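What follows is a single structure, written as structure tokens, with notes after it.
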Amino acid sequence: MSGQFILRLRKILAGAAFLALAGPIAGALAAPPDNSGNPALPQNNVAGTDAMLHNSIRAERAAIAVANARNAIGRCDKDGFAVARNQLQDVIIGASHHAGGATAYIVHDAGGEDEAALRGLKTTLWDEWQAACAKPKPKKEEASVSAGAGIHAGRINLPALRYLGFEAALTLVQTLGVVAGENEGSVAGASIGGEGFLPVWNMWWAANLSRSGTNVASDIATIDPMGDGLLIPGPLGGASGFALPSAGGLNVVNNAEFRGQYDWLDFHAKFGMPYECEELLFLPFFGIGLTRGDTNARFSGSIPGYGRDFEYNTGIRVDTVSLLFGTNLVHEFKGGNLHAGGLASLDFNDASGTDRLSFTGFADSRASLDNDDTTVGGRVWAGATFGDKGSPFKLSLDFAWIHSANVPVVTRDGTNPSRLDLESADAFVGALSAKVSF
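Using our numbering, you'd call the opening residue of the sequence shown number 75 and step up by one each time.
As structure tokens, this is what we get:
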């Protein structure tokens, strides 16, 4: 019988201890309770909090730790906050040494109640630190795919294609390439593409297919050698060309025309692993590009003094495989982002084509051209995208400077067959594009 009584008393005391512990925690939402009427309840408030402790020394030490912690929170001082938490932990350890044991079941466990209240206070301070100083964890991104299309237009500066030559009547010194075709014009095109993000590998990818073209033209009413000889170098060199002496001005060229057409079909795929730094997103990437460039140029004129017409026709195709390396920098803002970046390309070129000269009264002469060369290109860009990060529709406006070093140029020296070189071109373009996310 006495054993059952002791067991029942033990349960009653344990329940009373639990209720005594619940009181201070619930009271943390209001002002510190007035426990003076019941000596069994905690009597000492931890200053600046709603926590109540049985031991006054613990309450004073805890108040100092709380003040230090909140001072550190106000400055977002991570090290200072850690020191204050350690101070509070020391107080908790002291309380735990006076808690528990067999006597806790038959007498009031003041040390255990203080320990529980202090641990609750430590949790509260941590929540305050998180709310004030901890950066919110970014939401885990989901896999995404988008597709879009765009148009672009701008100005391009091409290497000049040169024709004809003069031979001094007295010294026979030859000057070749005296006539240059127009090399500046408008460039325009369109593109389609897509991009996506694979969070499992933190990998971004993009693929794009674009086509661009430009036409350049110039007309020259008169080309007058001014008493010198007129040279029309042939594609095969030597006898494939023509030399017409002045003979009193008979070798003047009338109504000369130059027409040049350039077309590029480009595909590229890029891959990168984005990472965030403060408010910026860095996106270094690498990729591969495939480009097919077609160049067709025609230069013609009449020589009425000799009753002859001539015409050069040149067709070149350049197939290029490029290795791409670059980075993009993105700054998000409400309603869109600003971005800028650049890339360098190592271009492996395979160029081939023909150069043909037609001259009245003679069979056409024709030379095959070939050049396999490695060049370096690049581009830089900047722009803005309108549409929130989660928006299914976005509109972008971009501006770019593009440099390539694989534009074909044919050189005729009058002695050797025509030579195919690859030279530099620069373009400045603006682009407007739209994309839809899935």
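Note that the Cβ used here is the ideal one computed from N, Cα and C, for glycine as well. Source: prediction; values computed, not measured.
Per DSSP, reduced to three states, the secondary structure at Val-165 is helical. Take Ser-439, set aside five residues on each side of it, and the residues of its chain with a beta-carbon closer than 6 Å to its own are Gly-308, Pro-309, Leu-310, Ser-314 and Leu-431, in chain order. Separation of Phe-407 and Val-395 (C-alpha to C-alpha, rounded to the nearest whole angstrom) is 37 Å.
Counting only runs that start and end inside the segment 377-458, the beta strand (DSSP E) elements of at least 3 residues fall at 382-407 and 410-433. When secondary structure is reduced to three states using DSSP, Trp-475 falls in the strand class. Scanning Gln-117, Leu-496 and Thr-489 for the CA closest to the CA of Asp-446 turns up Leu-496.
Linking Trp-200 to Ala-146 through their CA atoms gives a straight-line distance of about 12 Å. Measuring C-alpha to C-alpha distances from Ser-320 to each of Ala-280, Ala-508, Gly-379 and Leu-250 identifies Gly-379 as the nearest.
DSSP places Ala-321 in no alpha helix (DSSP H); its state is neither H nor E.
Taking Ala-137 as the centre and dropping the five residues before and after it, the same chain places the C-beta of Val-120, Ala-121 and Gly-122 closer than 7 Å to its C-beta, in chain order.
Between the segment 478-496 and the segment 449-458, the count of Cβ pairs shorter than 8 Å is three or higher; the stretches touch. Three or more beta-carbon pairs separated by less than 8 Å are not found between the segment 462-472 and the segment 230-241, which leaves the two stretches without contact. Going by DSSP, Asn-276 is part of no alpha helix (DSSP H) at all; its letter is neither H nor E.
Boundaries around Ala-146 are those of the alpha helix (DSSP H), 130-149, since no beta strand (DSSP E) includes it. The C-beta distance from Ser-292 to Ser-511 rounds to 46 Å, too long to meet the 8 Å contact threshold.
For the pair Gln-204 and Phe-399, the Cα-to-Cα distance works out to about 40 Å.
By the criterion of a C-beta distance shorter than 8 Å, Lys-196 is surrounded in its chain by Arg-159, Leu-162, Gln-163 and Ile-166, once the five residues flanking it on both sides are discounted. Between His-405 and Leu-397, the gap from beta carbon to beta carbon reaches 7 Å or more. Excluding its 5 nearest sequence neighbours in each direction, Phe-155 has C-beta neighbours in its own chain below 7 Å: Ala-143, Ala-146, Ile-147 and Trp-203, listed in chain order. When the alpha-carbon of Leu-324 is set against those of Thr-296, Ser-170 and Cys-351, the nearest one is in Thr-296. When secondary structure is reduced to three states using DSSP, Asp-298 falls in the coil class, being assigned neither helix nor strand. Between Leu-283 and Ala-508, the alpha-carbon positions lie close to 15 Å from each other.
In the structure shown, the three-state DSSP call for Gln-335 is strand. A distance below 6 Å between beta-carbons, with the five flanking residues on each side excluded, links Gly-222 to the following residues of its chain, in chain order: Ser-507, Ala-508 and Lys-509.
Exclusion of the five residues before and after Val-252 leaves Leu-238, Gly-239 and Phe-240 as the residues of its chain whose Cβ lies within less than 7 Å of its Cβ. Cβ contact annotation for Gly-346 (same chain, cutoff 6 Å, sequence separation greater than five): Trp-278, Leu-357, Pro-358 and Phe-359, in chain order. Closest in C-alpha terms to Gly-303, from the list Glu-350, Ala-262, Gly-381 and Thr-249, comes Thr-249. In the three-state reduction of the DSSP assignment, Gly-312 falls in the helix class, which pools H, G and I.
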